[in-house]
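J.: One structure, pasted below without further comment.
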Amino acid sequence: MSDSRKIAIDVRGAVKRYGDFTALNTVSLSIYDNEFFTLLGPSGCGKTTLLRMIAGFEEVTEGAIFLFGDEIADLPPNKRPVNTVFQNYALFPQMTVLDNVAFGLEMRGQSRPESRRAAGEMLELVQLSDFASRRPAQLSGGQQQRVALARALAPKPKVLLLDEPLSALDLKLRKAMQMELKHLQRETGITFIFVTHDQEEALTMSDRIAVMSAGALQQLGAARDIYERPHNMFVADFIGETNLLEVTVREVRDGRAICSLGGGHILSGKSDQEVRIGARVHISVRPERLFMSDAPTDAEGLRGRVRENIFAGTDITTLVDLDEGPNLVVRTSNSDRGNKRIFEPGSAVYVNMEQEAARLLMD
Amino acid sequence: MRRAKLDIKSYPGFFAITLVCLLILYAPLLVVTVYSLNDSNSITNWEGVSLRWYVDVFSGPESQKFKAAAWNSFTIAIIAATVATTIATLAATAMIRSGAFKLRSLSFGLISLPLMVPEIVLAVATLIFFNSVGFTRGYGTILIAHIAFCIPFAYLPIAARMQGIDASYEQAAQDLYATKRQAFTRILLPMMMPGVISGFLLAFIVSLDDFIITNFVKGAGIETLPTAIFGSVKQGIKPNIMAISTLLLGVSILLVTISYVVSKSEKTK
Ligand SMILES: Nc1ncnc2c1ncn2[C@@H]1O[C@H](COP(=O)(O)OP(=O)(O)O)[C@@H](O)[C@H]1O
Ligand SMILES: [Mg+2]
Numbered sequence: 001m002s003d004s005r006k007i008a009i010d011v012r013g014a015v016k017r018y019g020d021f022t023a024l025n026t027v028s029l030s031i032y033d034n035e036f037f038t039l040l041g042p043s044g045c046g047k048t049t050l051l052r053m054i055a056g057f058e059e060v061t062e063g064a065i066f067l068f069g070d071e072i073a074d075l076p077p078n079k080r081p082v083n084t085v086f087q088n089y090a091l092f093p094q095m096t097v098l099d100n101v102a103f104g105l106e107m108r109g110q111s112r113p114e115s116r117r118a119a120g121e122m123l124e125l126v127q128l129s130d131f132a133s134r135r136p137a138q139l140s141g142g143q144q145q146r147v148a149l150a151r152a153l154a155p156k157p158k159v160l161l162l163d164e165p166l167s168a169l170d171l172k173l174r175k176a177m178q179m180e181l182k183h184l185q186r187e188t189g190i191t192f193i194f195v196t197h198d199q200e201e202a203l204t205m206s207d208r209i210a211v212m213s214a215g216a217l218q219q220l221g222a223a224r225d226i227y228e229r230p231h232n233m234f235v236a237d238f239i240g241e242t243n244l245l246e247v248t249v250r251e252v253r254d255g256r257a258i259c260s261l262g263g264g265h266i267l268s269g270k271s272d273q274e275v276r277i278g279a280r281v282h283i284s285v286r287p288e289r290l291f292m293s294d295a296p297t298d299a300e301g302l303r304g305r306v307r308e309n310i311f312a313g314t315d316i317t318t319l320v321d322l323d324e325g326p327n328l329v330v331r332t333s334n335s336d337r338g339n340k341r342i343f344e345p346g347s348a349v350y351v352n353m354e355q356e357a358a359r360l361l362m363d
Numbered sequence: 001m002r003r004a005k006l007d008i009k010s011y012p013g014f015f016a017i018t019l020v021c022l023l024i025l026y027a028p029l030l031v032v033t034v035y036s037l038n039d040s041n042s043i044t045n046w047e048g049v050s051l052r053w054y055v056d057v058f059s060g061p062e063s064q065k066f067k068a069a070a071w072n073s074f075t076i077a078i079i080a081a082t083v084a085t086t087i088a089t090l091a092a093t094a095m096i097r098s099g100a101f102k103l104r105s106l107s108f109g110l111i112s113l114p115l116m117v118p119e120i121v122l123a124v125a126t127l128i129f130f131n132s133v134g135f136t137r138g139y140g141t142i143l144i145a146h147i148a149f150c151i152p153f154a155y156l157p158i159a160a161r162m163q164g165i166d167a168s169y170e171q172a173a174q175d176l177y178a179t180k181r182q183a184f185t186r187i188l189l190p191m192m193m194p195g196v197i198s199g200f201l202l203a204f205i206v207s208l209d210d211f212i213i214t215n216f217v218k219g220a221g222i223e224t225l226p227t228a229i230f231g232s233v234k235q236g237i238k239p240n241i242m243a244i245s246t247l248l249l250g251v252s253i254l255l256v257t258i259s260y261v262v263s264k265s266e267k268t269k
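Set out below in structure tokens:
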């Protein structure tokens with residue numbers, strides 16, 4: 001991303017402690033205006049905590065958060081031009097759908113008829129105009145979700161925070177809502193900060209992703225960047241599926257580390273970081289970047305035996321027991337079948353890596 | 001019948017026990033209600049149905065006394081229940097919505113403790129308190145005492161209701177630019193309303209019904225319905241007492257029904 005873009009939210013060295021427990025450990029990240037930004041990480045890693053600090057429901061123990069250049073520590077939630085779609089929606093049960101959506105506008109000082117008119121337009125945008133006079137309890141989960149979205153968008157916040165908004169929906173509805181959210185973000189031009197523990201969801205929706213674990217930022221980058229160039233074991237393992245091989249670094253040549261796997265086998269991998277000769281590190285390679293052959297294609301091919309082929313519609317997953325080392329997962333897309341071979345279970349094969357597919361991970 | 005044996009939810013014999021319980025609970029009330037309609041000067045001989053004792057309550061020789069007592073009882077109950085409910089609502093908001101402060105369970109215990117202290121102890125303590133601060137006993141002391149002992153009764157349903165309301169509703173309100181005060185009045189209070197109404201009705205009934213504390217702090221020359229009834233009964237039970245009791249019973253049933261309907265209608269929403 002270019003540096004000329006406006007920064008909407010700037011988190012600088014944010015720490016959050018609950019007593020002795022550190023929920024968020026010195027997180028720094030910048031979120032650009034107009035961006036669909038995702039906080040991704042397993043449950044309990046501190047995503048909600050960070051979101052609540054931005055919304056103003058939690059104090060920042062150390063560090064600071066800036067909104068379009070201004071520190072917001074002293075602003076209560078109702079003074080921040082930031083709205084939240086809550087995980088449980090938190091729709092006001094005693095109000096109609098229309099009044100729910102109009103609430104924020106009214107609190108901002110707009111007249112009742114004016115806020116109701118704007119709320120009606122918002123409901124149109126999420127296709128719920130027919131339900132305006134219902135109570136939230138009379139709607140389905142997906143509809144409530146859209147009301148929550150309309151309610152948070154109606155006051156036209158500068159930043160919209162969404163805390164796992166799709167986690168309660170079934171798969172089909174979730175896919176549809178993913179598209180709708182993405183669409184709404186483009187249409188409104190509002191910065192979205194989206195929280196999820198679902199890596200697939202994060203990859204499909206986001207401009208950029210911040211991967212978090214145990215209260216710390218692990219990697220920040222575009223979806224593709226994070227998938228193809230994970231910085232560490234956690235990211236490689238959490239995003240998508242990967243094969244991890246424990247190796248010892250022997251030599252570094254032209255940005256590639258030559259490593260030994262055991263049994264005298266040599267593997268090389270690319271690394272962005274400094275590597276020490278003799279270090280025990282991991283090589284990560286995605287299943288779809290492996291292919292099988294019955295004769296070695298280069299010096300690094302790994303010998304093994306096919307255990308099982310699993311057919312899954314668009315691709316076939318093959319489990320290979322290596323002669324030396326762990327088992328590998330090889331994925332062959334059905335569209336690749338011309339170039340890549342599938343072997344029967346029991347066949348002796350060589351597993352080879354595509355160019356530049358192997359990445360060295362330090363921890 | 002064979003299927004009933006397989007029904008693990010049915011315990012044979014328990015139905016009979018239930019009937020006995022209901023009989024013990026309701027037989028005295030039933031007797032009083034029926035005999036309040038007795039057309040006789042005696043409280044034991046049945047001489048046919050009439051409303052003469054109800055007429056007697058409102059225009060008989062004791063009617064002035066009972067009217068004054070009823071006025072005191074109802075005004076005290078309304079004021080005491082209103083004040084106690086307001087205090088209880090604010091206390092519940094403060095205690096449940098201010099995070100897990102250290103003295104929270106202690107405060108909760110202190111608020112509900114009076115429910116478990118023998119009433120006679122409270123009565124004596126209240127009397128000693130009024131004497132030591134030099135209050136003249138009368139309407140005012142009854143009212144203050146009623147407000148005090150009504151608070152825990154009002155507090156329990158309100159706190160129970162509030163505990164069931166997720167904090168995210170107020171946060172959502174504040175997130176949508178409501179001040180803390182607006183979040184309370186526009187969102188939290190309407191959601192708490194069934195609990196507040198239950199608390200008010202409970203406090204009202206408890207105040208209306210109180211005898212022991214009232215009797216200690218009321219002073220001479222002022223009566224509430226329970227003390228007036230007691231005073232009258234000391235001179236011998238007359239059928240008009242049964243009519244008054246039945247009327248009080250009617251009021252209580254009405255209030256309990258309202259309370260039930262309110263909580264029911266909220267749940268089905
Ligand atoms: N109010 C709190 N008091 C103590 N610990 C908390 C509190 N809120 C969250 N935590 C802890 O902080 C960690 C991060 O929580 P959270 O941000 O909710 O995780 P996530 O949203 O990523 O699942 C968790 O271990 C959680 O138990
Ligand atoms: Mg969370």
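Quick note, the sequences are listed as chains L and Y, same order. For the first sequence, position 327 (counting from the first letter as 1) is numbered 327 according to full-length UniProt numbering, and the numbering increases by one without interruption. For the second sequence, position 37 (counting from the first letter as 1) is numbered 37 according to full-length UniProt numbering, and the numbering increases by one without interruption. Where is the CB? At the ideal position from N, CA and C, for every residue including glycine.
1. Can you determine whether any heavy atom of ligand 2 sits closer than 6 Å to the C-beta of Thr196 of chain L, and answer yes or no?
2. Name the residue from L:Arg135, L:Lys156, L:Tyr18, L:Ser30 whose alpha carbon lies nearest to the alpha carbon of Arg5 of chain L.
3. I'd like to confirm the pairing. Which residues does DSSP put opposite Tyr11 of chain Y in its beta bridges?
4. Could you name the residues, in chain order, whose CB is less than 5 Å away from a heavy atom belonging to ligand 1?
5. Please confirm if Ile96 of chain Y has its CB atom under 7 Å from at least one CB of chain L.
6. Would you mind telling me which residues of chain L sit closer than 9 Å to Met191 of chain Y, beta carbon to beta carbon, in chain order?
7. Using a Cβ-Cβ cutoff of less than 7 Å, which residues in the same chain neighbour Ala84 of chain Y once the five nearest sequence positions on both sides are dropped?
8. Going by DSSP in three states, Thr268 of chain Y sits in which element: helix, strand or coil?
9. Indicate the three-state DSSP secondary structure (helix, strand or coil) for Met95 of chain Y in the structure shown.
10. With a 10 Å radius around its C-beta and 16 neighbouring C-beta atoms as the bar for buried, classify Phe37 of chain L as buried or exposed.
11. Hey, does Arg108 of chain L have any beta-carbon neighbour from chain Y nearer than 7 Å?
12. Using beta-carbon positions only, say whether Ser36 of chain Y and Ala228 of chain Y come within less than 7 Å of one another.
13. When you check each C-beta in the region 183-217 of chain Y against every C-beta of chain L, which residues fall closer than 9 Å?
14. Using a C-beta cutoff of 7 Å, does Asn100 of chain L count as contacting chain Y?
15. Within 10 angstroms of the Cβ of Thr268 of chain Y, are there 16 or more other Cβ atoms? Answer buried if so, exposed if not.
16. With distances taken from CA atoms, which of L:Phe291, L:Pro287, L:Leu245, L:Ser133 is nearest Gly269 of chain L?
17. Thr204 of chain L to Gly195 of chain Y, Cα distance in whole Å?
18. Would you kindly report the start and end of the unbroken alpha helix (DSSP H) that includes Gly262 of chain L?
19. Against chain L, does Ser263 of chain Y count as a neighbour if the rule is that its beta carbon must be under 7 Å from one of theirs?
20. Please state the DSSP three-state secondary structure of Ile244 of chain Y.
21. Let me make sure I understand the geometry here. Which of Y:Thr75, Y:Leu115, Y:Leu189 has the alpha-carbon closest to that of Leu143 of chain Y?
22. Who are the neighbours of Gly141 of chain L on chain Y, taking C-beta pairs under 7 Å?
23. Counting beta carbon pairs with one atom in the region 290-302 of chain L and one in the region 18-32 of chain Y, are three or more of them shorter than 8 Å?
24. Quick one: what does DSSP say Arg186 of chain L is sitting in, helix, strand or coil?
25. Step through the CB atoms of chain L and report whether any lies within less than 7 Å of the CB of Ala172 of chain Y.
26. Hey, is Thr224 of chain Y's beta-carbon within less than 7 Å of any beta-carbon in chain L?
27. Can you tell which of Y:Asp166, Y:Thr33, Y:Ser40 has its C-alpha closest to the C-alpha of Thr93 of chain Y?
28. Report yes or no: is there a C-beta of chain Y within less than 7 Å of the C-beta of Pro77 of chain L?
29. Cβ-heavy atom distance between Glu71 of chain L and ligand 4 below 6 Å?
30. Measuring CA to CA, which of L:Leu319, L:Arg331, L:Ala210 is closest to residue 364 of chain L?
31. Taking 7 Å as the threshold (C-beta atoms), are Ala119 of chain L and Ala90 of chain L in contact?
32. Can you have a look at Tyr54 of chain Y and say buried or exposed, based on whether 16 or more other CB atoms are within 10 angstroms of its CB?
33. Within 10 angstroms of its Cβ, does Tyr169 of chain Y collect 16 or more other Cβ (buried), or is it exposed?
34. Excluding five sequence neighbours on each side, which residues of the same chain lie with their C-beta closer than 8 Å to the C-beta of Ala73 of chain L?
35. Report the CB separation of Gly231 of chain Y from Gly138 of chain Y in whole angstroms; it is logged as a contact under 8 Å.
36. Using a C-beta to C-beta distance shorter than 9 Å, which residues of chain Y count as neighbours of Thr248 of chain L?
T.: In terms of the structure at hand:
1. No, since every heavy atom of ligand 2 falls outside the 6 Å radius drawn around the Cβ of Thr196 of chain L.
2. Among L:Arg135, L:Lys156, L:Tyr18, L:Ser30, the Cα nearest to that of Arg5 of chain L is on L:Ser30.
3. None; Tyr11 of chain Y has no bridge partner.
4. By the rule of a C-beta closer than 5 Å to any heavy atom of ligand 1, the residues picked out are L:Tyr18, L:Ala23, L:Ser43, L:Gly44, L:Cys45, L:Gly46, L:Lys47, L:Thr48, L:Thr49.
5. Ile96 of chain Y has a beta carbon lying at 7 Å or more from every beta carbon in chain L.
6. Simply Phe92, Pro93, Gln94.
7. So the qualifying residues of the chain are Ile147, Cys150, Ile151, Ala154, Ala203.
8. With a pLDDT of only 44 at Thr268 of chain Y, under the threshold of 50, the placement of this residue in the model should not be trusted; the figure read from the coordinates follows. Of the three classes helix, strand and coil, the one that applies to Thr268 of chain Y here is coil, per DSSP.
9. In this structure, DSSP gives Met95 of chain Y a helical state, which the three-state scheme calls helix.
10. Classification for Phe37 of chain L: buried.
11. Chain Y contact via Cβ: present.
12. The answer is no: Cβ separation not under 7 Å.
13. For the region 183-217 of chain Y, the beta-carbon criterion of a distance under 9 Å to any beta-carbon of chain L is satisfied by Ala183, Arg186, Ile187, Pro190, Met191, Met193.
14. Chain Y contact via Cβ: absent.
15. For Thr268 of chain Y, the predicted model reports a pLDDT of 44, less than 50, meaning its position is unreliable and no value from the coordinates is stated.
16. Nearest option by C-alpha distance: L:Leu245.
17. Going from the Cα of Thr204 of chain L to the Cα of Gly195 of chain Y covers about 46 Å.
18. Gly262 of chain L -> not in any alpha helix (DSSP H); beta strand (DSSP E) instead, spanning 256-262.
19. Chain L contact via Cβ: absent.
20. Of the three classes helix, strand and coil, the one that applies to Ile244 of chain Y here is helix, per DSSP.
21. Nearest of Y:Thr75, Y:Leu115, Y:Leu189 to Leu143 of chain Y, Cα basis: Y:Thr75.
22. The premise fails here: Gly141 of chain L is roughly 16 Å from chain Y at the closest Cβ pair, so nothing lies under 7 Å.
23. No, they do not touch.
24. Three-state result, Arg186 of chain L: helix.
25. For Ala172 of chain Y, the nearest CB of chain L lies under 7 Å from its own CB, placing it at the interface with that chain.
26. Any Cβ of chain L closer than 7 Å to the Cβ of Thr224 of chain Y would place that residue at the interface, and such an atom is absent.
27. The shortest C-alpha separation from Thr93 of chain Y is found at Y:Asp166.
28. At least one CB atom of chain Y sits nearer than 7 Å to the CB of Pro77 of chain L.
29. As far as ligands go, the structure on display features ligand 1 and ligand 2 and does not contain ligand 4.
30. One cannot answer for residue 364 of chain L here, as it falls past the ends of chain L, which runs 1 to 363.
31. No.
32. So Tyr54 of chain Y counts as buried.
33. Classification of Tyr169 of chain Y: buried, given that the 10 Å Cβ count is 16 or more.
34. Here the set comprises Glu59, Val60, Ala64, Ile65.
35. 17 Å between Cβ atoms; not a contact.
36. Per Cβ cutoff of 9 Å: no residues; Thr248 of chain L is ~51 Å from chain Y at best.
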